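Peer 1: From first to last, the protein sequence lines stand for chains A and B. Each residue of the first sequence is one higher than the one before, starting from 1 at the first, in this note's numbering. Each residue of the second sequence is one higher than the one before, starting from 1001 at the first, in this note's numbering. Note that CB positions come from ideal geometry on N, CA and C, so glycine has one too. As the structure is a computational prediction, the values presented were derived from the model and not from experiment. Sharing a structure, written as structure tokens. Questions coming.
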Amino acid sequence: MNCRKAEILISKSLDGNLSAGDRRALSLHLEGCRRCREIKADYNLLMTSLHSIGRIQAQPYLVQRIEAKIKDKDFVNPFIAWKRWGIAVFSLSMLLIGILLGGLYFSAPVTTEAQELSRSEELLLRELNPFQEARTLFEAANAEQKNMMLIFSSLEDTDLRRYFP
Amino acid sequence: MEDTELVRKTLEGDKHAYSILVRKYQTKVINMAYGFVRNRETADDLTQEIFIKAYVSLKKFQFKSGFGTWLYRIAVNHCKDYLRSQQKMKTVPFDVQSEKAIIKGDDSVEREHRRNEDQIEMLVQRGIMALPEKYKTIITLRDIQGLSYDEIAKILTLTAGTVDSRIHRARKMLRRKLSPYLTDQRRES
């Protein structure tokens, strides 16, 4: 056994935590090692000093002071309870509002703009050229007829004009 | 009445039950606080704060450990927080010869108080205060408070092996710090 190990065992022996084997090994080491005997004596003195550190008694009025302090303290503080539950309720409300708004957005009826766009889609679905009208207009041989057609087409619904080149 | 029963009654609103718990643990808690701060008035204040803190946190007590262990954990953490706030936790230089000189020839305001203190106790206390926080805590719990390894492990939430090695290191550090004093004592006896 070396001195380092011996010191660990000396420290353990102060708590009575030594096995019979360790106790024997330590005794053997101490017999032949003056330095470790001094260390053991130092530890014994240290323990005596530590145990001699004065103990104090609580003041007689300590319990009364604590009783007075906890008198107004309840386990269910309404404000704390509100704060704790309020955050959860607020988060849940926001989530529900989000879900509701999302549902409304996606399930909303087709808007006017969508209906206007569907006119060209409808023409395409019927395999008709949405630019047919414009082509007819520009292919008109008579210049007067062409002008008339342009005037009439300008009076038509604005959403149709957007498809004209 | 068992601690758990007293805790249950307290939680049901019986403040008298809590007073019984305070009476039961006040000496241990104040000595633990005193072990950390070494000042009577501060230990009194800390003890009061610890019991109020425990009362307010009682609803968090899960009955997994004993009330005493749970209370000591609060006490240790509260004392450590206090010392940190006072910036007393930093390792202070410690020299036995200069400490002896301070104690013997002290002309400060604390002279009267120190005269009443035992020189040995003063040296040991100063030696403990000079230890790093974790060693100071463990030596206070084991060698001053006399708590078992198992109790310390539960309070500090450490394994038994860590408690064992930490206690040894703390004692070794303290022995080295107090070595000149211990040698003198050994020669005298």
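Going along chain A in order, which residues have a C-beta closer than 7 Å to the C-beta of B:PHE1051?
Peer 2: Simply ILE66.
Peer 1: Taking 7 Å as the threshold (beta carbon to beta carbon), is B:ASP1150 in contact with chain A?
Peer 2: No, no contact with chain A.
Peer 1: Could you compute how far the alpha carbon of B:PHE1067 sits from the alpha carbon of B:LEU1021?
Peer 2: Going by the C-alpha atoms only, they are around 9 Å apart.
Peer 1: Enumerate in chain order the residues of its own chain whose CB-to-CB distance from A:GLY32 is below 8 Å, with the five nearest sequence positions on each side excluded.
Peer 2: Nothing meets the Cβ criterion.
Peer 1: Report yes or no: is there a C-beta of chain B within less than 7 Å of the C-beta of A:ASP42?
Peer 2: With 7 Å as the cut-off, A:ASP42 counts as an interface residue toward chain B.
Peer 1: Let me check understanding here. Comparing Cα to Cα, which of B:PHE1063, B:GLY1035, B:TYR1072, B:ARG1169 lies closest to B:ILE1144?
Peer 2: Comparing Cα-Cα distances from B:ILE1144 to each of B:PHE1063, B:GLY1035, B:TYR1072, B:ARG1169, the minimum goes to B:GLY1035.
Peer 1: Beta-carbon of A:LEU9 versus every beta-carbon of chain B: anything under 7 Å?
Peer 2: It does not: the Cβ of A:LEU9 has no partner Cβ on chain B nearer than 7 Å.
Peer 1: Please confirm whether A:MET1 has its beta-carbon closer than 7 Å to some beta-carbon of chain B.
Peer 2: It does not; no Cβ of chain B falls within 7 Å.
Peer 1: What's the C-alpha gap between A:LEU190 and A:LEU96?
Peer 2: A query on residue 190 of chain A cannot be resolved here, the shown segment of chain A reaching from 1 to 165 and no further.
Peer 1: Is it the case that the Cβ atoms of B:LEU1182 and A:ASP42 are separated by a distance below 7 Å?
Peer 2: Yes. Within cutoff.
Peer 1: Do B:THR1027 and B:TYR1018 come within 7 Å of each other at the CB atom, strictly closer than that value?
Peer 2: In this structure, B:THR1027 does not lie closer than 7 Å to B:TYR1018 by Cβ.
Peer 1: When burial is assigned at 16 or more other CB atoms within 10 Å of the CB, is A:SER107 buried or exposed?
Peer 2: Answer is exposed; the Cβ neighbour count stays below 16.
Peer 1: Evaluate the contact criterion for the stretch 1116-1134 of chain B versus the stretch 1062-1078 of chain B: three or more CB pairs, one atom per stretch, below 8 Å.
Peer 2: Because the criterion of three Cβ pairs below 8 Å is not met, the stretch 1116-1134 of chain B and the stretch 1062-1078 of chain B do not touch.
Peer 1: Report yes or no: is there a C-beta of chain B within less than 7 Å of the C-beta of A:ASN77?
Peer 2: Any reading at A:ASN77 must be qualified, since the residue scores a pLDDT of 48, below 50, and its modelled position is unreliable; the value itself is stated next. Answer no: the Cβ-Cβ gap between A:ASN77 and chain B never drops below 7 Å.
Peer 1: CB-CB under 8 Å to B:TYR1198, same chain, minus the five flanking residues each way: which ones, in chain order?
Peer 2: Absent from the structure is residue 1198 of chain B, since the part of chain B shown begins at 1001 and ends at 1189.
Peer 1: What residues of chain A sit near B:ASN1039, judged by a beta carbon separation below 8 Å?
Peer 2: By Cβ distance, chain A contributes nothing, its closest Cβ being about 10 Å from B:ASN1039, past 8 Å.
Peer 1: Starting from the C-beta of B:HIS1078, find all residues in its chain whose C-beta is less than 6 Å away, skip the five residues before and the five after it, and write them out in chain order.
Peer 2: Hits under 6 Å: ILE1050.
Peer 1: I want to see whether chain B comes within less than 7 Å of A:ILE99, judged by CB atoms only; does it?
Peer 2: No, no contact with chain B.
Peer 1: Helix, strand or coil for A:CYS33, going by three-state DSSP, please let me know.
Peer 2: Coil, per DSSP.
Peer 1: With distances taken from CA atoms, which of A:GLU7, A:ASN2, A:CYS3 is nearest B:ARG1169?
Peer 2: Closest option to B:ARG1169, Cα to Cα, is A:GLU7.
Peer 1: Once the 5 residues before and after B:LYS1134 are set aside, which same chain residues still bring their CB inside 7 Å of it?
Peer 2: So the qualifying residues of the chain are ARG1166.
Peer 1: For B:TYR1034, which residues in chain C fall below 7 Å Cβ to Cβ?
Peer 2: Absent here is chain C; the protein component of the structure consists of chains A and B.
Peer 1: Name the residues in the stretch 1013-1030 of chain B whose C-beta lies less than 9 Å from a C-beta of chain A; which are they?
Peer 2: Correct list: GLY1013, LYS1015, HIS1016, TYR1018, SER1019, VAL1022, ARG1023, GLN1026, THR1027, VAL1029, ILE1030.
Peer 1: For B:LYS1053 and A:SER49, I'd like the C-alpha separation in whole angstroms.
Peer 2: One C-alpha to the other measures close to 33 Å.
Peer 1: By the criterion of Cβ-Cβ separation under 8 Å, what are the contact partners of A:GLU69 in chain B?
Peer 2: Per the sequence presented here, residue 69 of chain A reads as Lys, with Glu not at that position. Per Cβ cutoff of 8 Å: GLN1048, ILE1052.
Peer 1: Answer yes or no: does any C-beta atom of chain B fall closer than 7 Å to that of A:SER13?
Peer 2: Chain B contact via Cβ: absent.
Peer 1: Report the neighbours of A:MET47 on chain B: residues whose CB is nearer than 8 Å to its CB, in chain order.
Peer 2: Within 8 Å Cβ-Cβ: ASP1143.
Peer 1: Between A:SER60 and A:GLU67, what straight-line distance do the alpha-carbon atoms span, to the nearest angstrom?
Peer 2: Just to set this straight, residue 60 of chain A is Pro in the shown sequence, not Ser. Going by the C-alpha atoms only, they are around 13 Å apart.
Peer 1: Against chain B, does A:LEU62 count as a neighbour if the rule is that its beta carbon must be under 7 Å from one of theirs?
Peer 2: Chain B contact via Cβ: present.
Peer 1: Any heavy atom of the ligand ADP closer than 6 Å to the CB of B:ASP1003?
Peer 2: Ligands in the displayed structure: none, and consequently the ligand ADP is not present.
Peer 1: So, does the CB of A:LEU50 fall closer than 7 Å to a CB anywhere in chain B?
Peer 2: Yes, contact with chain B.
Peer 1: In this structure, how does DSSP classify A:ILE151 when only helix, strand and coil are distinguished?
Peer 2: Residue state, collapsed to three classes: helix.
Peer 1: Output, in chain order, the set of chain A residues within a Cβ distance shorter than 7 Å of B:TYR989.
Peer 2: Limits of chain B in this structure are 1001 at one end and 1189 at the other, which puts residue 989 of chain B out of reach.
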